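Just so you know, we're using our numbering here: the sequence shown kicks off at 8 and counts up by one. Even glycine gets a Cβ: it sits at the ideal position worked out from N, Cα and C. Fair warning: this is a prediction, and the values are worked out from it, not measured in the lab. Right, one structure below, let's go through it.
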Amino acid sequence: MDLVSAGYTEQLRLIHQKYKPLRTDTFGVMFSPANIDVSSFPVNGLSNIDCFHPSTLGHEYVAKSLWNTLFVPLESKPKEMRWVHDLEVYCPSEVDRFQLD
């Protein structure tokens, strides 16, 4: 699964590189790798069916993490997302913008 995940992330990076030059006032592309360390999840963050897929709590965490990285430039995005208890959703201000690379 680690190899599949790395390959998927690489393909997303290539798509980003392909469309990055086409940026206009009405079109942009963002690459936000989701290198999630599932081993850092608490037991209730994983599905009780297979102990691999995220549970509802795990999905909520992933969604919050990805949302929070939308406002961070690519070079400042975390290299790995580890579970953070009580992760808050970032509430953007009027000056915040999605960070298109």
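Rounded to the nearest angstrom, what separates residue i and residue j at their Cα positions?
| i | j | result |
| --- | --- | --- |
| Leu107 | Cys58 | 35 Å |
| Phe105 | Val79 | 8 Å |
| Ser62 | Asn51 | 7 Å |
| Gln24 | Thr76 | 19 Å |
| Tyr15 | Asp9 | 10 Å |
| Thr31 | Phe38 | 16 Å |
| Asp103 | Leu21 | 26 Å |
With 16 other CB atoms within 10 Å as the buried threshold, where does residue i fall?
| i | result |
| --- | --- |
| Pro40 | buried |
| Ser47 | exposed |
| Tyr26 | exposed |
In the DSSP assignment, find the unbroken alpha helix (DSSP H) run with residue i in it and report its ends.
| i | result |
| --- | --- |
| Ser72 | Thr63 to Thr76 |
| Gln106 | Segment: none, Gln106 is in no alpha helix (DSSP H) and carries neither H nor E. |
| Tyr97 | Neither: Tyr97 is in no alpha helix (DSSP H) and is coded neither H nor E. |
| Arg20 | Asp9 to Tyr26 |
Rank the options by C-alpha distance to the C-alpha of residue i and give the top, closest one.
| i | options | result |
| --- | --- | --- |
| His92 | Ser83, Glu67 and Pro85 | Glu67 |
| Asp44 | Trp90, Pro28 and Ser54 | Trp90 |
| Leu94 | Gly35, Ala13 and Leu73 | Leu73 |
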